[in-house]
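> For what it's worth, UniProt numbering labels the leading residue of the sequence shown as 1, then goes sequentially.
Where is the CB? At the ideal position from N, CA and C, for every residue including glycine.
Computed from a predicted structure; not experimentally measured.
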Amino acid sequence: MTVVTKLEPSRAEVEPELTDGFHLVIDALKLNGLTTIYGVPGIPITDFGRMAQTEGMRVISFRHEQHAGYAASAAGFLTKKPGICLTVSAPGFLNGLTALANATTNCFPMILISGSSEREIVDLQQGDYEEMDQLAIAKPLCKAAFRILHAEDIGIGIARAIRAAVSGRPGGVYLDLPAKLFPQVMEMEAGRKSLVKVIDPAPAQIPAPSAIERALDVLKKAERPLVIFGKGAAYAQADEDIRSFVEKSGLPFLQMSMAKGLLPDTHPQSAGAARSTVLKNADVVMLVGARLNWLLSHGKGKSWGEPGSKKFIQIDIEPKEMDSNIEIVAPVVGDIGSCMSAMLGGLGDNWKKPPDDWTNTINAKKEENIGKMAGRLKKNSTPMDFHGALGALRRVIKERPDAMLVNEGANTLDLARGIIDMYQPRKRLDVGTWGVMGIGMGSAIAAAVETGKPVLAVEGDSAFGFCGMEVETICRYNLPVCVVIFNNNGIYRGTDTNPSGSSDVATTVFVQNARYDRMMEAFGGTGVNVTTPDELYSAVSEAMTSGKPTLVNAVIDPAAGTESGRIGNLNPQSTVGKKAGGKK
Ligand code: ADP
Ligand code: MG
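#1: Confirm the yes/no value for this check: CB of R426, any heavy atom of the ligand ADP, distance under 7 angstroms.
#2: Just the C-alpha distance for E223 and G348, rounded to the nearest angstrom, thanks.
#3: Report the partner residues of E408 according to the DSSP bridge assignment.
#4: With V288 as the anchor, note down where its beta strand (DSSP E) starts and where it stops.
#5: Using a 10 Å radius around the Cβ and a threshold of 16 neighbouring Cβ atoms, would you call D517 buried or exposed?
#6: Which partner residues does C482 have in the DSSP bridge list?
#7: State the DSSP-derived secondary structure class of P178, mapped to helix, strand or coil.
#8: Using only CA atoms, which one of T562, T105, F146, E65 lies nearest to E321?
#9: When we look at the beta-carbon of D504 and count the other beta-carbons within 10 Å, is it buried (16 or more) or exposed?
#10: For A145, which residues does DSSP report across the bridge?
#11: Would you report the Cα separation of T545 and V284, rounded to the nearest angstrom?
#12: Just to check my reading of the structure: T550 and M520 have Cβ atoms closer than 8 angstroms, yes? What is that Cβ distance to the nearest angstrom?
#13: Please go through the region 58-142 and give each complete beta strand (DSSP E) segment of 3 or more residues, from N-terminal end onward.
#14: With hydrogens ignored, establish whether the beta-carbon of R147 is closer than 7 angstroms to any heavy atom of the ligand ADP.
#15: Only counting the same chain, and skipping five residues up and downstream in sequence, which positions put a Cβ closer than 6 angstroms to that of M286?
#16: With DSSP as the reference, label G527 as helix, strand or coil.
#17: Does the beta-carbon of N571 have 16 or more other beta-carbons within 10 angstroms, so that it is buried, or is it exposed?
#18: To the nearest whole angstrom, what separates the beta carbons of Y70 and S443, a pair I think is in contact under 8 angstroms?
#19: Please tell me whether, using a cut-off of 7 angstroms, the distance from the CB of D239 to the nearest non-hydrogen atom of the ligand ADP is below it.
#20: Cβ atoms of V288 and I212: under 8 angstroms apart, would you say?
#21: Give the C-beta separation of C85 and I113 to the nearest angstrom, bearing in mind that I take them to be a contact with Cβ-Cβ under 8 angstroms.
#22: Which residues mark the beginning and the end of the alpha helix (DSSP H) in which E187 is found?
#23: Would you kindly report the start and end of the unbroken alpha helix (DSSP H) that includes R518?
#24: With respect to the alpha helix (DSSP H) encompassing I474, which residues constitute its N-terminal and C-terminal limits?
#25: Provide the residue(s) that pair with F229 in DSSP beta bridges, ordered along the chain.
#26: Express the C-alpha separation of P82 and A72 in angstroms, rounding to a whole number.
#27: For H150, does the count of other Cβ atoms within 10 angstroms reach 16, so buried, or fall short, so exposed?
#28: Put G490 into one of helix, strand or coil per three-state DSSP.
#29: Excluding sequence positions up to five away, which residues of its chain have a Cβ less than 6 angstroms from the Cβ of L175?
#30: What separation, rounded to the nearest whole angstrom, lies between the Cα atoms of S249 and A282?
#31: Relative to the C-alpha of G452, which candidate in L216, R515, A403, K143 has its C-alpha closest?
#32: Using CA atoms only, rank isn't needed, just tell me which of G33, M256, A559 is closest to F229.
#33: Answer yes or no: do K366 and A234 have a C-beta to C-beta separation smaller than 8 angstroms?
#34: Assuming the contact rule is C-beta atoms closer than 8 angstroms, T531 and M340 should be a hit. Round their C-beta distance to whole Å, please.
#35: Going by DSSP in three states, A271 sits in which element: helix, strand or coil?
#36: According to DSSP, is T532 part of a helix, a strand, or is it coil?
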């Protein structure tokens, strides 16, 4: 028997307290206020998820990495902090990569963290479990990519990833964490000291006073000015200065899809209902956090009126965005918060509002278009058409302006974007710059998790098919999400026939009269099948009030809808050898 004397040192004094790679990654994220992880567990990150939960992080496990990634990117857009997506190696990494590339394209901050196999085996291509040179593959698809090999570099590695994601033009960052990193041990105190709390991760970028002066000068001389806000303006969270600038200047404005609600769509200066008129006739267009990409026909073509008839001012954080599609006469490079406050300051006391001619033309057109639409939105018919159904959902959001709206599909997207008015900033999440299908459930989950508000996801039946399994995730976490499927039996419409006459159905149609509502019931959520706008309104209102996971199968006339929605011009059609089938 050994006699323990009081003088003998305790174990802690002999062996210093230890930490490891798992805990250092968790501590580094938490230190930087990143407390939610979207991911799918598996080798080598299963234990990581467990420990993150133990350490108080919220870990949302998905059924497929792509949707975890879309959730992380939506979280990035909503919070201005990088959304974190966690995946396993090779296939899981690749699934997450689609979302990372999408985040980068949309300028949303996100960090994809993937476990990876042993470097030595990967580099010699000796065939490891899930072998893949993930870092090399990620690099061209994101803003920055890093690998951490040693536990003592975790603090710096995560700091770099955060800065790369949120500074300047935000985007996706890949962080490669080889399996061997996680169990690496180091002394607790040294580990703690190695962590970095990132100070001012997205520093203000102040525009040059001369650039502001130039822009105001162009604006002052305009006879038919227009401002276009893009999702960069929504992201910037400069809501107050943007509203003050708009109201003080009296300028008419358009809001791009995800910028809707930055100012209410019902604002008297909104030119949303006279979109074609203002795009065509404006003489000066000021872009704020909106790119002149395909979504704005590159700033040229028929929709923009006579070539050379306009001058463009552009406010953006990315200098290379200027002149990317067309000449920008007044580039203003800086963060939107700093730029808008400088523009507001520069308006001065004797700013002249735009000529009455221009505002009157816009208002007349708005009234005409709103009048034309009103009747169609009230139609309470069976089967429903898009307008009748969207009229009902428009009421739901009007009554709940703080609810989140998610929207994807073809006709379902194009028509909902125009019909459902938004009243508050950053309430609308949709297919973004790529027009990618399948963002719906990931976005809805992030919207619920990040905001705690009820979420309405308006989904085409095809779009939903890309992410439908995540309704189980919605039920598992009991999230306040109401999914509405616009079920018209197919892609664009449900009436196409197989031109060859074989018994296979056409490529664009689905099972007729499918009951998506029963998917939700399978996991304990509420499923409702509706056939009229009144039923749709009641079912969705109830779901939004109760906060219970709900899926409403909205039966839409299979003949309603046009091919490719509003972007049929991008869809090439064969002019030879066509027999039957698709209708335009
Ligand atoms: P939309 O599709 O809504 O028109 P885009 O994604 O095309 O919007 O454009 C967003 C623009 O906003 C990008 O050019 C991006 O560089 C810019 N941006 C994003 N965040 C900021 C910010 N904080 N300050 C300035 N510009 C920003
Ligand atoms: Mg459809």
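In short:
#1: Translated into positions along the sequence shown, residue 426 becomes position 426. Not under cutoff, so the answer is no.
#2: For the purposes of this step, residue 223 is taken as the residue at position 223 of the sequence shown. For the purposes of this step, residue 348 is taken as the residue at position 348 of the sequence shown. Going by the C-alpha atoms only, they are around 19 angstroms apart.
#3: Numbered from its first residue, the sequence shown carries residue 408 at position 408. E408 is bridged to E459.
#4: By one-based count along the sequence shown, residue 288 stands at place 288. Where V288 is concerned, the enclosing beta strand (DSSP E) stretches over 284-288.
#5: Mapped onto the sequence shown, residue 517 falls at position 517. The residue in question, D517, is buried, as its Cβ has 16 or more Cβ neighbours within 10 Å.
#6: For the purposes of this step, residue 482 is taken as the residue at position 482 of the sequence shown. For C482, which the question treats as bridged, DSSP gives the partners L456, T550.
#7: Taking the sequence shown and counting its residues from 1, one reaches residue 178 at position 178. In this structure, P178 counts as strand in the three-state DSSP scheme.
#8: As a working note, residue 321 is residue 321 in the sequence shown. For E321, the nearest C-alpha among the options comes from T105.
#9: Along the sequence shown, read from residue 1 onward, the residue named residue 504 stands at position 504. So D504 ends up on the exposed side.
#10: Translated into the one-based positions of the sequence shown, residue 145 becomes position 145. DSSP output for A145 lists Y174 as bridge partner(s).
#11: For this step, residue 545 is matched to residue 545 along the sequence shown. For this step, residue 284 is matched to residue 284 along the sequence shown. About 44 angstroms.
#12: Position 550 of the sequence shown, counting from 1, holds the residue named residue 550. Position 520 of the sequence shown, counting from 1, holds the residue named residue 520. Yes, T550 and M520 are in contact; Cβ-Cβ is about 7 angstroms, under 8 angstroms.
#13: 58-61, 83-87, 110-116
#14: As a position in the sequence shown, residue 147 is number 147, starting the count at 1. R147: no, Cβ never under 7 angstroms from the ligand ADP.
#15: To locate residue 286, count along the sequence shown from 1; it is residue 286. Once the five neighbours on either side are set aside, the close Cβ partners of M286 are V227, I313.
#16: Position 527 of the sequence shown, counting from 1, holds the residue named residue 527. Under the three-state reduction of DSSP output, G527 falls in the strand class.
#17: By 1-based counting over the sequence shown, the position of residue 571 is 571. By the 10 Å Cβ count, N571 comes out exposed.
#18: Taking the first residue of the sequence shown as 1, we reach residue 70 at position 70. Taking the first residue of the sequence shown as 1, we reach residue 443 at position 443. About 6 angstroms; that satisfies the 8 angstroms criterion.
#19: Within the sequence shown, the letter at position 239 stands for residue 239. Residue side-chain check: D239 keeps its Cβ at 7 angstroms or more from all non-hydrogen atoms of the ligand ADP.
#20: Along the sequence shown, read from residue 1 onward, the residue named residue 212 stands at position 212. Along the sequence shown, read from residue 1 onward, the residue named residue 288 stands at position 288. Contact: no.
#21: To locate residue 85, count along the sequence shown from 1; it is residue 85. To locate residue 113, count along the sequence shown from 1; it is residue 113. Between I113 and C85 the Cβ distance is about 7 angstroms, and since that is below 8 angstroms, they are a contact.
#22: Numbered from its first residue, the sequence shown carries residue 187 at position 187. No alpha helix (DSSP H) contains E187, which is instead part of the beta strand (DSSP E) from 185-187.
#23: In the sequence shown, the residue the question calls residue 518 occupies position 518. First-last of the alpha helix (DSSP H) with R518: 517-522.
#24: Translated into the one-based positions of the sequence shown, residue 474 becomes position 474. Per DSSP, I474 belongs to the alpha helix (DSSP H) from 471-476.
#25: Numbered from 1 along the sequence shown, position 229 holds the residue referred to as residue 229. F229 pairs with Q255, V288.
#26: For the purposes of this step, residue 72 is taken as the residue at position 72 of the sequence shown. For the purposes of this step, residue 82 is taken as the residue at position 82 of the sequence shown. Their Cα atoms are separated by approximately 8 angstroms.
#27: As a working mapping, residue 150 is identified with position 150 in the sequence shown. By the 16-neighbour rule on beta-carbons within 10 angstroms, H150 is exposed.
#28: Position 490 of the sequence shown holds residue 490. G490: strand per DSSP, three-state reduction.
#29: Reading the sequence shown from its first residue, position 175 is the one you call residue 175. For L175, where only same-chain residues beyond five positions count, the Cβ hits under 6 angstroms are I111, I113, F146, A161.
#30: Your numbering for residue 249 matches position 249 in the sequence shown. Your numbering for residue 282 matches position 282 in the sequence shown. Rounded to the nearest angstrom, the two C-alpha atoms are 16 angstroms apart.
#31: In the sequence shown, the residue the question calls residue 452 occupies position 452. It is A403.
#32: The residue given as residue 229 occupies position 229 in the sequence shown. Nearest option by C-alpha distance: M256.
#33: For the purposes of this step, residue 366 is identified with residue 366 of the sequence shown, where counting begins at 1. For the purposes of this step, residue 234 is identified with residue 234 of the sequence shown, where counting begins at 1. Going by C-beta atoms, K366 is not nearer than 8 angstroms to A234.
#34: As a first step, residue 531 is located in the sequence shown; it is residue number 531 there, counting from the start. As a first step, residue 340 is located in the sequence shown; it is residue number 340 there, counting from the start. Wrong, their Cβ atoms sit about 47 angstroms apart, outside the cutoff.
#35: Taking the sequence shown and counting its residues from 1, one reaches residue 271 at position 271. Here A271 sits in coil by DSSP.
#36: By one-based count along the sequence shown, residue 532 stands at place 532. Correct three-state label for T532: coil.
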